[in-house]
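Undergrad: Please see the structure below; I have some questions.
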Amino acid sequence: MIYLKYSGSIESKEATARLIDEFVDISRISGWEYNIISENFQTMTAGQGLQENGKYDTSDDNDISEIQTLSSSEVYLEGIVIHIRPDADPVRLTFDRNGKLATISFSTTDTPGFNKKLTVKKYEFIYYPFIKLFTRDADYHSQAVKLLDYVKKKYIYDLEVMDPSYYWETRDVEQLKVKLWKAALKQSII
Amino acid sequence: MKKILFLSLIMAFAALSSLFADDQPAQQGNSSQEVVVKGQLKVKIDMEMPDIQIKTDTNKVAQSSVATEEQFLSIAPEDVKDIKASLPDTIDSERAQYHPEYSFLETPPVFRLQPKMPKGVDIDRWNFKVTDATGATVKLDKGNGNLPDELIWDGFDRDGNILKMGSPYWYVLTYMDKAGNPGSARRETPKVVNAIRYQRDNKIYIEISSKVLFEEKRQDRLTDPGKQMLEEVRDYMKMSNNFPVSVKVYSEDSGLSGDQIRTLEKLFTDKLKCPKEFFKMDALQDNSVPKNYRVVFIINA
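Chains as they are written, first to last, in the working numbering: chain H, 18 to 207; chain D, 24 to 324.
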């Protein structure tokens with residue numbers, strides 16, 4: 018597998034609404050599934066919005082340094098999740114309250130209270146100021162990069178993409194295929 | 024003997040001439056005399072004097088004639104007073120343009136796009152949609168392959184209703200090319216239609232937003248642009264010449280609609296010289312979201 022890690026900011030709420038609207042249309046004409054995300058602590062779900070139990074891989078040291086914890090009042094996520102393929106990671110375009118590309122995961126612990134009649138549910142929120150997407154084949158990787166290209170051109174002008182296969186920079190499909198093949202041999206994530 | 028005969032002739036002549044000389048005055052005297060005709064009266068003519076004597080005063084006749092003309096002109100349309108002014112500048116199948124400078128009424132299509140793609144871009148799939156102020160899609164077209172030469176929205180939603188007056192509308196064209204690159208074209212500033220004219224069922228419909236027709240604070244008073252708009256509406260009524268015109272006034276409550284109807288009636292009868300019978304007015308309430316307070320004129324084409 019190869020990952021694509023991307024971060025950046027959208028300029029306004031209106032732009033976020035337009036991006037969602039446009040990617041709904043793109044998904045529809047392309048036959049892709051999608052989920053519109055509008056999450057806060059009151060409406061939170063463990064669906065496509067907030068990631069339950071922190072499923073994110075944080076193999077990069079940089080990732081760990083960027084991750085923060087959030088209080089419940091700070092939980093906010095808005096955007097769209099596009100499932101280009103049902104068996105692959107979706108392309109997430111979700112933003113925090115400040116318009117920054119982000120995802121939030123949470124875990125819960127139930128603590129029995131006094132005389133075990135009362136259970137206290139404790140939430141812990143982890144905030145990632147980036148989005149990470151794992152790809153297994155060149156076509157999917159290439160399609161995801163095309164979507165990010167478009168997002169950078171129209172909505173997130175400061176979009177930064179980290180692509181260990183260098184496909185983002187070179188657009189060299191052969192090199193991407195080689196990288197994916199090597200990763201598959203090693204059964205590792207590049 | 025001859026002498027005697029001659030003398031006797033002269034005497035006879037003299038006697039005759041004196042006799043005739045006496046007859047002439049006698050005849051004149053006879054003509055002035057009454058002639059009595061004896062017999063039975065066969066035809067009798069009875070004549071009666073009229074009860075009322077008619078006295079005519081030429082001055083008075085002249086005055087009343089002038090008064091009548093003035094009165095006639097006062098109730099006649101403006102254009103009868105001045106024949107030159109009475110002629111519309113142009114006439115088309117729908118409108119006699121008495122006010123060619125007025126063109127407040129838009130006509131469908133509301134959106135007309137002629138998309139031009141860069142060379143070398145082959146479109147695989149596309150989607151053209153029009154959304155209203157609530158974000159709801161009121162029109163959706165989609166297709167495969169290259170874009171059509173024109174993308175048009177006629178102003179009607181999926182249910183066949185015309186767009187809402189004074190409400191914003193946007194369009195978005197989204198596409199995916201054959202290489203998998205998405206793209207889009209969007210109208211950034213919303214399109215707002217305040218007055219529109221369209222045809223349906225052989226009738227001309229004119230819809231005008233109450234926002235532009237009536238004052239904001241006194242919603243039963245017409246604005247100046249509103250009055251001009253109604254003059255343009257009258258052009259269509261004149262061209263149609265098919266009455267009554269149905270007028271439907273929609274506002275937040277039927278009471279206000281009634282007040283607005285009275286304002287419109289007054290304008291049409293007093294200023295625009297259209298009799299009250301020429302209109303069939305209905306006061307209606309509109310509860311739709313977004314608001315759509317408007318006046319609808321339905322003119323038989």
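Where is the CB? At the ideal position from N, CA and C, for every residue including glycine.
Check each candidate in H:GLN192, H:LEU110, H:ASN115 and H:LYS139 and name the one with the smallest Cα separation from H:ASN52.
TA: Here residue 52 of chain H refers to the residue found at position 35 when the first sequence is read from its first residue. It is H:LEU110 whose Cα lies nearest to the Cα of H:ASN52.
Undergrad: Could you check how far apart the C-beta atoms of D:GLU117 and D:TYR259 are, in whole angstroms? I think they sit under 8 Å.
TA: Taking the second sequence and counting its residues from 1, one reaches residue 117 of chain D at position 94. Taking the second sequence and counting its residues from 1, one reaches residue 259 of chain D at position 236. The pair is a contact, with the Cβ atoms about 6 Å apart (cut-off 8 Å).
Undergrad: Any beta-carbon of chain D closer than 8 Å to the one on H:ASP38?
TA: As a first step, residue 38 of chain H is located in the first sequence; it is residue number 21 there, counting from the start. By this cut-off, H:ASP38 is an interface position.
Undergrad: Sort out for me which residues DSSP pairs D:ASP164 with in a bridge.
TA: Locating residue 164 of chain D in the second sequence gives position 141, where the first residue counts as 1. DSSP output for D:ASP164 lists D:PHE151 as bridge partner(s).
Undergrad: What is the DSSP secondary structure of D:ASN53, counted as helix, strand or coil?
TA: The residue labelled residue 53 of chain D in the question sits at position 30 within the second sequence. Note that D:ASN53 scores a pLDDT of 49, beneath 50, so its modelled location is shaky; the value from the coordinates is reported in the next line. In this structure, D:ASN53 counts as helix in the three-state DSSP scheme.
Undergrad: If I follow the unbroken alpha helix (DSSP H) through D:ALA306, where does it start and stop?
TA: Walking along the second sequence from the start, residue 306 of chain D turns up at place 283. Here D:ALA306 belongs to no alpha helix (DSSP H); instead the beta strand (DSSP E) covers 302-308.
Undergrad: Tell me the DSSP bridge mates of H:HIS100?
TA: Translated into the one-based positions of the first sequence, residue 100 of chain H becomes position 83. For H:HIS100, which the question treats as bridged, DSSP gives the partners H:GLU50.
Undergrad: CA-CA distance, H:ALA8 and H:ILE37?
TA: Chain H is shown from 18 up to 207; residue 8 of chain H falls before or after that span and cannot be answered.
Undergrad: Is there contact here, the stretch 296-312 of chain D with the stretch 210-222 of chain D, by at least three beta-carbon pairs under 8 Å?
TA: The stretch 296-312 of chain D, when compared against the stretch 210-222 of chain D, does not touch it at the 8 Å Cβ threshold.
Undergrad: Under 8 Å, CB to CB, which of the residues in the stretch 200-214 of chain D have a partner in chain H?
TA: So the close ones are ALA202, GLY203, ASN204, PRO205, GLY206, SER207 and ARG209.
Undergrad: Considering D:GLY278, what are the terminal residues of the alpha helix (DSSP H) in which it resides?
TA: As a first step, residue 278 of chain D is located in the second sequence; it is residue number 255 there, counting from the start. Per DSSP, D:GLY278 belongs to the alpha helix (DSSP H) from 277-289.
Undergrad: For D:ARG195, would you say it is in contact with chain H, using Cβ-to-Cβ distances shorter than 8 Å as the test?
TA: The residue labelled residue 195 of chain D in the question sits at position 172 within the second sequence. Looking at the sequence itself, residue 195 of chain D is Val, so the reference to Arg does not match. Output row for D:VAL195: interface = yes.
Undergrad: In this structure, does DSSP put H:PHE131 in helix, strand or coil?
TA: Position 114 of the first sequence holds residue 131 of chain H. Helix.
Undergrad: Going straight from the alpha carbon of D:LYS294 to that of D:ASP247, what length do you get?
TA: Taking the first residue of the second sequence as position 1, residue 294 of chain D is located at position 271. Taking the first residue of the second sequence as position 1, residue 247 of chain D is located at position 224. Their Cα atoms are separated by approximately 13 Å.
Undergrad: Between which residues of its own chain and H:ALA17 is the CB-CB distance below 7 Å, once the five residues before and five after are set aside?
TA: One cannot answer for residue 17 of chain H here, as it falls past the ends of chain H, which runs 18 to 207.
Undergrad: Give the single residue among D:TRP176, D:ILE284, D:ASP69 and D:ASN204 whose Cα lies nearest to the Cα of D:LYS162.
TA: Counted from its first residue, the second sequence places residue 162 of chain D at position 139. It is D:TRP176 whose Cα lies nearest to the Cα of D:LYS162.
Undergrad: Is the Cβ of D:ARG148 closer than 8 Å to any Cβ of chain H?
TA: If you number the second sequence from 1, residue 148 of chain D lands on position 125. For D:ARG148, the answer is yes, since a Cβ of chain H falls inside 8 Å of its Cβ.
Undergrad: Return the CA-CA distance between D:ASN225 and D:ASN150, expressed in angstroms with no decimal places.
TA: Residue 225 of chain D sits at position 202 when you count from the first residue of the second sequence. Residue 150 of chain D sits at position 127 when you count from the first residue of the second sequence. In a straight line, the C-alpha of D:ASN225 is about 32 Å away from that of D:ASN150.
Undergrad: Whose Cβ in chain C lies nearer than 7 Å to the Cβ of H:ILE43?
TA: Considering every chain present, this structure includes no chain C. Its protein chains are H and D.
Undergrad: Using a Cβ-Cβ cut-off of less than 8 Å, list which residues of the stretch 139-172 of chain D approach chain H; keep chain order.
TA: Listed by position, the residues of the stretch 139-172 of chain D near chain H (Cβ gap below 8 Å) are ARG148, TRP149, ASN150, LYS152, THR154, GLY158 and LYS165.
Undergrad: With a Cβ-Cβ cutoff of 8 Å, do H:THR136 and H:THR125 count as a contact?
TA: Locating residue 136 of chain H in the first sequence gives position 119, where the first residue counts as 1. Locating residue 125 of chain H in the first sequence gives position 108, where the first residue counts as 1. No. Outside cutoff.
Undergrad: Helix or strand or just coil, what does DSSP make of D:THR113?
TA: As a first step, residue 113 of chain D must be located in the second sequence, where it is residue number 90. It is coil, neither helix nor strand.
Undergrad: In three-state DSSP terms, what is D:MET188?
TA: Counting from 1 along the second sequence, the entry for residue 188 of chain D is found at position 165. Coil, per DSSP.
Undergrad: Check each residue of the stretch 150-164 of chain H: if its Cβ is closer than 7 Å to any Cβ of chain D, include it; give the result in chain order.
TA: Answer in chain order: GLN160, LYS163 and LEU164.
Undergrad: Skipping 5 residues on each side, what residues in its chain have a beta carbon closer than 6 Å to that of D:ARG257?
TA: Here the question's residue 257 of chain D lines up with position 234 in the second sequence. Only LEU295 meet the Cβ criterion.
Undergrad: Let me confirm a value: D:LYS303 is counted as buried when at least 16 other C-beta atoms fall within 10 Å, else exposed. Which label applies?
TA: Taking the first residue of the second sequence as 1, we reach residue 303 of chain D at position 280. Looking at its Cβ environment, which holds fewer than 16 other Cβ atoms inside 10 Å, D:LYS303 is exposed.
Undergrad: Give the straight-line distance between the Cα atoms of D:PHE237 and D:LEU279, rounded to the nearest whole angstrom.
TA: Locating residue 237 of chain D in the second sequence gives position 214, where the first residue counts as 1. Locating residue 279 of chain D in the second sequence gives position 256, where the first residue counts as 1. Looking at the two C-alpha atoms, the distance is approximately 11 Å.
Undergrad: Return the residues of the stretch 44-57 of chain H that lie within a Cβ-Cβ distance of less than 8 Å from chain D, sorted by chain order.
TA: Of all residues in the stretch 44-57 of chain H, ARG45, ILE46 and SER47 have a Cβ within less than 8 Å of some Cβ in chain D.
Undergrad: To the nearest whole angstrom, what separates the beta carbons of H:ILE46 and D:MET199, a pair I think is in contact under 8 Å?
TA: Position 29 of the first sequence holds residue 46 of chain H. Position 176 of the second sequence holds residue 199 of chain D. Right, the Cβ-Cβ distance comes to about 6 Å (below 8 Å), so this counts as a contact.
Undergrad: Against chain D, which members of the stretch 167-179 of chain H pass a CB distance test of less than 8 Å?
TA: So the close ones are TYR167 and LYS171.
Undergrad: Any contact between the stretch 179-187 of chain H and the stretch 139-146 of chain H? By contact I mean 3 or more CB pairs, one from each, below 8 Å.
TA: Because the criterion of three Cβ pairs below 8 Å is not met, the stretch 179-187 of chain H and the stretch 139-146 of chain H do not touch.
Undergrad: Verify whether the separation of the beta carbon atoms of H:LYS169 and H:PRO146 is less than 8 Å.
TA: Locating residue 169 of chain H in the first sequence gives position 152, where the first residue counts as 1. Locating residue 146 of chain H in the first sequence gives position 129, where the first residue counts as 1. No, Cβ-Cβ distance for H:LYS169 and H:PRO146 is not below 8 Å.
Undergrad: So for H:ILE173, helix, strand or coil by DSSP?
TA: Position 156 of the first sequence holds residue 173 of chain H. Note: H:ILE173 maps to coil in three-state DSSP.
Undergrad: Which runs of the alpha helix (DSSP H) fall wholly inside the stretch 210-277 of chain D and span at least 4 residues, in chain order?
TA: Taking only runs of at least 4 residues, the alpha helix (DSSP H) segments lying wholly in the stretch 210-277 of chain D are 233-236 and 247-263.
Undergrad: Near D:PRO313, what residues of its chain come up, given a Cβ to Cβ distance below 8 Å and the 5 sequence neighbours on each side ignored?
TA: Walking along the second sequence from the start, residue 313 of chain D turns up at place 290. Here the set comprises ASP155, ALA156, THR157, LYS187 and SER190.
Undergrad: What residue does the alpha helix (DSSP H) around H:LYS203 start on, and which one ends it?
TA: If you number the first sequence from 1, residue 203 of chain H lands on position 186. Here the alpha helix (DSSP H) through H:LYS203 covers 190-203.
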